[in-house]
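Okay, structure first, notes after.
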Amino acid sequence: MPMPAPPKRACSRYSATGTLCTTPTARADGWCGVCDGYTVRAPREETERRQRWHWGPGPWHPAPLGLETDEAYEIEIHPHVVRDYSSHHTVPPKTAVVQIRSLLEDLITSGAPTEADVRGRRRIYLPQGGYGLMLSQDRGTVVRYCTRHAERTWAQYRGGVHSRISTPNRGTAWQRAALAEHLPVKVTATALHGYTRHVLGTKITRGNIDDIARRLAAHLNEYVLPKWDRTADVTLADGQGSTWVLAVDDRSPEGVVVANYATGVRTEE
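And the structure:
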């Protein structure tokens, strides 16, 4: 006899703009998977401090984990790990358990690096993604959760949800959203502010960001991007008094505009 489908409930997560989502969902973590999935309406001040990527003294050396994916739902999760996760991501303990197990399953499935310390504890983690778990010596209990992300869960990160918190070279979420509307390439905060200051002679606000993004896109498409074949990092003069630093990036197939600085050298058309 087939198992009945789990009952649906309202999502109750938030979009990047703080709008409450009420889309019906049957997922165990309570997220519909369609909205941005933030657990709080806006980033709290304290979440701007990134959780440290602390594993302990080590030293660490490569070692097999020795677990199958289905065992992610059988091993224990230490209560302090549940508390830490719940506090960090603002989710109920039951949701924390579901998400921790889902992370462990994905880490095992993806063949993430695993290492052991002198006590025999194992860590399995994604060094670039910034999520990981530590298991006890007998690998029967999750004893630590580590992340570099201040507010996004693994499910959000895996789903491509962007952080709402500004980082030194990514700018704010509303700046990135405006740039994405007009440009296929990534533009760092350094390049955006350099163009705005050196070329436009103004400052970025929420009121003018769309116009700035539109003008930046037009400038890059006319004077910069046609000169770049996207096979190597380059520094290009645009002939309009500015020089641009461009970089290739495996995670950004169209490339990254890294920086812009004024040279004052213009090329006559």
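Under this note's numbering, the first residue of the sequence shown carries the number 38, and numbering increases by one thereafter.
Every residue gets a Cβ at the ideal spot worked out from N, C-alpha and C, and that includes glycine.
Just so we're clear, the structure is a prediction, and the values are computed from it rather than from any experiment.
- Task: Determine the contact status of arginine 46 and threonine 56, defining contact as a CB-CB distance below 8 Å.
- Result: no
- Message: Between which two residues does the beta strand (DSSP E) holding arginine 181 run?
- Response: 178-184
- Query: If we ignore side chains and look at the alpha-carbon of each, how far apart do isoleucine 161 and arginine 201 end up?
  - Reply: 27 Å
- With a 10 Å radius around its C-beta and 16 neighbouring C-beta atoms as the bar for buried, classify threonine 225 as buried or exposed. buried
- By how many angstroms is the C-alpha of alanine 79 removed from the C-alpha of glycine 238? 31 Å
- Item | Whole-Å CB distance - arginine 189 paired with valine 198, under 8 Å assumed | 6 Å
- For aspartate 275, the first and last residue of its enclosing alpha helix (DSSP H): First-last for aspartate 275: undefined, no H or E at that position.
- Proximity below 8 Å, CB of alanine 296 to CB of valine 282: yes
- Message: Give me the DSSP bridge partner(s) of tyrosine 194.
- Response: In the DSSP output, where bridge partners are listed per residue, tyrosine 194 has none listed.
- Message: For the alpha helix (DSSP H) containing glycine 231, name the first residue and the last one.
- Response: 226-232
- Message: Helix, strand or coil for alanine 149? Go by DSSP, reduced to three states.
- Response: coil
- Task: Report the three-state DSSP secondary structure of glutamate 291 (helix, strand or coil).
- Result: strand
- Item | Cα-Cα separation, arginine 243 to tryptophan 211 | 8 Å
- Do the region 150-164 and the region 124-134 touch if we need at least three Cβ pairs shorter than 8 Å? no
- Message: Within 10 Å of its beta-carbon, does tyrosine 122 have 16 or more other beta-carbons around it, so buried, or fewer, so exposed?
- Response: buried
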